[in-house]
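Reviewing the structure listed below.
Residue numbers (this note's numbering): 26 to 190.
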């Protein structure tokens, strides 16, 4: 799937398709590309483990100082913020790769001297990169966006519940 050296002067590790393959194999980004069931299960495991860890830590620190309902809601706030930050990092990583795949030009550095070069993709490479971007990465980005919106709505709900107790 990579572009040969004869067709592309861009170093191997800076070619967008190769960046995509590396990102897809990395531990942090790979768990966001499974099917919907695996994706939801991993989010639930992440949230529950954060909730238990932060809850025990807060219970130890604020054992007698706060109402237990407020302590529970603060724990949920903190978990939501951490999960939101994780998903923002996922979104930024995937959107960077998508931008490089969809672009007709590639900015790269041929040597370590920060002498940026621009390569205009050939027609076949551009079509291949855009197909990968639109049909492989776009569904991940849309799912991550939806997850971030849900996290923000849950955060707002918890915020209003905090003031009811």
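Think of the CB as a built atom: it goes at the ideal place given N, C-alpha and C, for glycine as much as any other residue.
Using a 10 Å radius around the Cβ and a threshold of 16 neighbouring Cβ atoms, would you call residue 61 buried or exposed? Per the 10 Å Cβ criterion, exposed.
Nonlocal neighbours in the same chain, by C-beta distance under 7 Å from residue 132, ignoring five residues either side: Listed in chain order, the non-local C-beta contacts of residue 132 below 7 Å within the same chain comprise 141, 143, local neighbours out to five positions each way being set aside.
Taking 8 Å as the cut-off, decide whether the C-beta atoms of residue 69 and residue 120 are in contact. No. Outside cutoff.
Would you call the CB atoms of residue 123 and residue 174 closer than 8 Å? Their beta carbons are not under 8 Å apart, which means residue 123 does not touch residue 174 by this criterion.
Helix, strand or coil for residue 44, going by three-state DSSP, please let me know. In the structure shown, residue 44 sits in a helix (DSSP, three-state: H, G or I).
Quick one: is residue 77 buried, meaning 16 or more other Cβ sit within 10 Å of its Cβ, or exposed? Taking all protein chains shown into account, residue 77 has fewer than 16 neighbouring C-beta atoms within 10 Å of its C-beta and is therefore exposed.
Quick check: the Cα distance between residue 47 and residue 135, rounded to an integer number of angstroms? Taking the straight line from one Cα to the other gives about 19 Å.
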